[in-house]
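Single-structure report; data block below.
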Amino acid sequence: MTAPILDSAAPVALSEGDRLAVDGLALKVRVSPRRRRFALTVELDAAVTLHAPQGCSKADAVDFVRAHRDWVADKVALRERTRPLTPPKRLVEGEVFRYLGRTYRLTVDHECAAEAPVRLVAGRLVLSATQASDAALGRAALTAWYCRAGRRWAVGRLQPWAARMGVPEPALDVSDLGGRWGSYRPGPDNREKGRMSLGWPLFQLPMHLVDYVIAHELAHVKVHGHGPGFWALLGRALPEYEERKAELDELGRRMWMGDLTQKDE
Numbered sequence: 001m002t003a004p005i006l007d008s009a010a011p012v013a014l015s016e017g018d019r020l021a022v023d024g025l026a027l028k029v030r031v032s033p034r035r036r037r038f039a040l041t042v043e044l045d046a047a048v049t050l051h052a053p054q055g056c057s058k059a060d061a062v063d064f065v066r067a068h069r070d071w072v073a074d075k076v077a078l079r080e081r082t083r084p085l086t087p088p089k090r091l092v093e094g095e096v097f098r099y100l101g102r103t104y105r106l107t108v109d110h111e112c113a114a115e116a117p118v119r120l121v122a123g124r125l126v127l128s129a130t131q132a133s134d135a136a137l138g139r140a141a142l143t144a145w146y147c148r149a150g151r152r153w154a155v156g157r158l159q160p161w162a163a164r165m166g167v168p169e170p171a172l173d174v175s176d177l178g179g180r181w182g183s184y185r186p187g188p189d190n191r192e193k194g195r196m197s198l199g200w201p202l203f204q205l206p207m208h209l210v211d212y213v214i215a216h217e218l219a220h221v222k223v224h225g226h227g228p229g230f231w232a233l234l235g236r237a238l239p240e241y242e243e244r245k246a247e248l249d250e251l252g253r254r255m256w257m258g259d260l261t262q263k264d265e
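Sequential numbering from 1 applies to the sequence shown in the UniProt record's numbering.
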């Protein structure tokens, strides 16, 4: 049952799960006995949550929200600008997938072995009919292909960028990083080779944006964190990094992250 939306002028106390309306802004209310003060969070989907102490005054809550209205507006606008836009894909003939900035259509092969790996043949991604009929199998097969193809491409880019940045070349893997484009982990005690990991969705993007992520992670071989020294190192190797970062932020939210929908939806 949906919680009622409380008018900001109504003389009622806030309860867990309420929705509060303040000057046209709708907020979900979370109440905790351990909380001592109000707080606001703007979720990834741009929904706004008010965190309130137990037994708080609704009038105080409204005053708090109004005092932070500009902050909320800025955060909501940021979430709207960066919200993922790509809908789930379907495992059907002709569905479009991207690889290194180019588009390829899916072919469902009823003749190949059920567990055959995905192949890129004559400009089309070939998936077995068995995998296409099972979302879990299909997703696993496609992401495995992105991992294989992406690593084959990226391994040839690592050495030139490492040489340009004056850092040792790390080991490389491509996997599911849960929404991150890449990461770098130093070796034990910094005496062994570190490891760069790239997320498989990265390889849907154009080559110059993959290069940006590779250079970004290589900068972490020498500099931890994202302080001035990090950006200075990256800027020496890639002077246009700010433009590429902005392009990645915009284009990256349109990439497929693995969600699938049923064929008949």
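Built from N, CA and C at the ideal position, the CB exists for glycine as well.
Inter-residue Cα distance where the pair is residue i and residue j
i: Gly178; j: Ala77; result: 24 Å
i: His110; j: Tyr146; result: 22 Å
i: Glu115; j: Leu125; result: 15 Å
i: Arg79; j: Glu250; result: 12 Å
i: Ala171; j: His216; result: 15 Å
i: Leu100; j: Val121; result: 16 Å
i: Lys222; j: Ala154; result: 20 Å
i: Asp7; j: Val62; result: Bear in mind that the predicted position of Asp7 carries a pLDDT of just 48, short of 50, making it unreliable; the figure below should be weighed with that in mind. For Asp7 and Val62, the distance between alpha carbons rounds to 10 Å.
i: Leu234; j: Tyr241; result: 7 Å
i: Tyr104; j: Val42; result: 36 Å
i: residue 288; j: Pro117; result: There is simply no residue 288 to check, as the chain begins at 1 and stops at 265 in what is shown.
i: Met207; j: Arg185; result: 23 Å
i: Asp18; j: Ala26; result: 10 Å
i: His226; j: Val213; result: 14 Å
i: Val72; j: Cys112; result: 53 Å
Three-state secondary structure assigned by DSSP to residue i
i: Val31; result: strand
i: His51; result: strand
i: Arg105; result: strand
i: Thr86; result: coil
i: Met196; result: strand
i: Ala39; result: strand
i: Leu238; result: coil
i: Val121; result: strand
CA nearest to the CA of residue i, picked from the options
i: Lys28; options: Arg79, Leu40, Lys193, Ala67; result: Leu40
i: Leu202; options: Leu233, Met257, Leu14, Pro170; result: Met257
i: Leu205; options: Glu243, Phe230, Arg66, Leu248; result: Leu248
i: Thr143; options: Glu242, Arg34, Leu198, His208; result: Leu198
i: Leu260; options: Val221, Gly55, Phe97, Tyr241; result: Phe97
i: Gly24; options: Ala162, Arg66, Gly55, Tyr104; result: Arg66
i: Gly252; options: Leu233, Gly182, Pro186; result: Gly182
i: Leu14; options: Pro33, Lys58, Arg34; result: Lys58
i: Leu20; options: Asp189, Val48, Arg35, Ala129; result: Val48
i: Leu238; options: Met255, Gly123, Pro160, Arg90; result: Pro160
i: Gly55; options: Arg69, Pro33, Asp70; result: Pro33
i: Asp74; options: Val92, Ala46, Arg90, Leu91; result: Ala46
i: Met255; options: His224, Val22, Val72, Thr86; result: Thr86
i: Asp211; options: His224, Arg151, Asp134, Gly229; result: Arg151
Contact belief for residue i with residue j at Cβ below 8 Å, rounded distance in angstroms
i: Leu106; j: Leu127; result: 6 Å
i: Asp176; j: Trp200; result: 6 Å
i: His51; j: Phe38; result: 7 Å
i: Leu209; j: Ala162; result: With a Cβ gap of about 18 Å, Leu209 and Ala162 do not count as contacting.
i: Arg35; j: Glu16; result: Contact doesn't hold; Cβ gap of about 11 Å is too wide.
i: residue 296; j: Val108; result: A query on residue 296 cannot be resolved here, the shown segment of the chain reaching from 1 to 265 and no further.
Residues that residue i bridges to, as DSSP identifies them
i: Val62; result: Partner(s): none; Val62 has no beta bridge.
i: Gly182; result: Leu198
i: Ala232; result: DSSP output for Ala232 lists no bridge partner at all.
i: Ser128; result: Asp109
i: Phe97; result: Tyr104
C-beta neighbour in chain B for residue i, strict 8 Å
i: Leu205; result: Of the protein chains in the structure, only one exists, and it is not chain B.
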